[in-house]
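What follows is a short report on a single structure.
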Amino acid sequence: MLKRLAVRKNPRRANIKWSILGIHYVVRALFISWKLCVVHPSTWLKADDTGLYCEPGQFYIDPMNEVSTALVTHGHADHARAGHHSVYASTETLAIMKTRYGDEMATHQHAITLGKSVTFNDVAVTFFPAGHILGSTQILIEYAGYRVVVSGDYKRRH
Numbered sequence: 310m311l312k313r314l315a316v317r318k319n320p321r322r323a324n325i326k327w328s329i330l331g332i333h334y335v336v337r338a339l340f341i342s343w344k345l346c347v348v349h350p351s352t353w354l355k356a357d358d359t360g361l362y363c364e365p366g367q368f369y370i371d372p373m374n375e376v377s378t379a380l381v382t383h384g385h386a387d388h389a390r391a392g393h394h395s396v397y398a399s400t401e402t403l404a405i406m407k408t409r410y411g412d413e414m415a416t417h418q419h420a421i422t423l424g425k426s427v428t429f430n431d432v433a434v435t436f437f438p439a440g441h442i443l444g445s446t447q448i449l450i451e452y453a454g455y456r457v458v459v460s461g462d463y464k465r466r467h
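Residues 310 to 467 (the working numbering) make up the sequence shown, in order.
Right, here's the structure in full:
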């Protein structure tokens, strides 16, 4: 049985429980000194059968199925899939996707600039380097006073 958490803005720590595709997760969320959180259980960021969905921004991050708007963290096949209407990703990730999927990768491709925010409705997203593979990114999502980082995959050491 999964529990829903009552969340207040900028808590120091929280146990977050959720389930996706039959796999149950429990994460101890740590809210770092600059009030950046690793995982956030708020109702506007949801995991569903397609992936991680930001309802107010109307986009998915690393979706598993075709969607209207996809933010892709890196070019590995478990994160980057073909058939989306619009894809936002680093130049390198778009190149990897183009090589793998050809013209079927997306109707529209948008190369993001690292560190520069893009707004979807009232949701600001900023891509930062992750160090996992060429062009891999972490995505900062800012909405309604909350800041959430979706890491995709990352490299712990250089």
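Ideal Cβ placement from N, Cα and C applies to all residues, glycine included.
CA nearest to the CA of residue i, picked from the options
| i | options | result |
| --- | --- | --- |
| Thr359 | Val376, Gln367, Pro365 | Val376 |
| Ala356 | Thr408, Pro365, Ile370 | Ile370 |
| Tyr362 | Pro438, Thr446, Glu413, Val432 | Val432 |
| Ala439 | Tyr452, Ala453, Val458 | Val458 |
| Asn374 | Ile448, Ser395, Gln447 | Ser395 |
| Gly366 | Thr416, Ile450, Arg456 | Ile450 |
| Gln418 | Tyr455, Ala379, Pro372 | Ala379 |
Three-state class that DSSP yields for residue i in the structure shown
| i | result |
| --- | --- |
| Ile421 | coil |
| Arg409 | helix |
| Ala453 | coil |
| Leu443 | coil |
| Ala338 | Low confidence applies to Ala338: its pLDDT is 47, below 50, so where it sits in the model is not reliable, and the reading given next is rough at best. Three-state result, Ala338: strand. |
| Ala433 | strand |
| Thr382 | coil |
| Ala415 | strand |
| Thr400 | helix |
| Ala356 | strand |
| Ser395 | strand |
| Ser525 | For the chain, the structure presents residues 310 to 467; residue 525 sits outside this window and is missing. |
| Pro372 | coil |
| Pro365 | coil |
Beta-carbon separation (whole angstroms), residue i vs residue j, contact threshold 8 Å
| i | j | result |
| --- | --- | --- |
| Asp423 | Ser399 | For the sequence presented, residue 423 should be read as Leu rather than Asp. The Cβ separation is near 7 Å, so the contact holds. |
| Ile448 | Val434 | 6 Å |
| Tyr455 | Ile421 | Actually they do not touch by this definition, with Cβ atoms about 21 Å apart. |
Proximity below 7 Å, CB of residue i to CB of residue j
| i | j | result |
| --- | --- | --- |
| Val381 | Ala391 | no |
| Phe482 | Phe368 | Given that the chain is displayed from residue 310 to residue 467, the structure contains no residue 482 and the question cannot be resolved. |
| Ala415 | His383 | no |
Cβ neighbour criterion (16 or more within 10 Å) applied to residue i
| i | result |
| --- | --- |
| Ala453 | exposed |
| Thr411 | Note that residue 411 is Gly in the sequence shown here, rather than Thr. So Gly411 counts as exposed. |
| Thr402 | buried |
| Leu354 | buried |
| Thr446 | buried |
heavy atom of the ligand ZN below 6 Å from residue i C-beta
| i | result |
| --- | --- |
| Phe437 | As presented, the structure is devoid of all ligands, the ligand ZN included, so that no description of it is given. |
7 Å Cβ cutoff, residue i in contact with chain D
| i | result |
| --- | --- |
| Phe436 | The structure shown contains no chain D, having only a single protein chain. |
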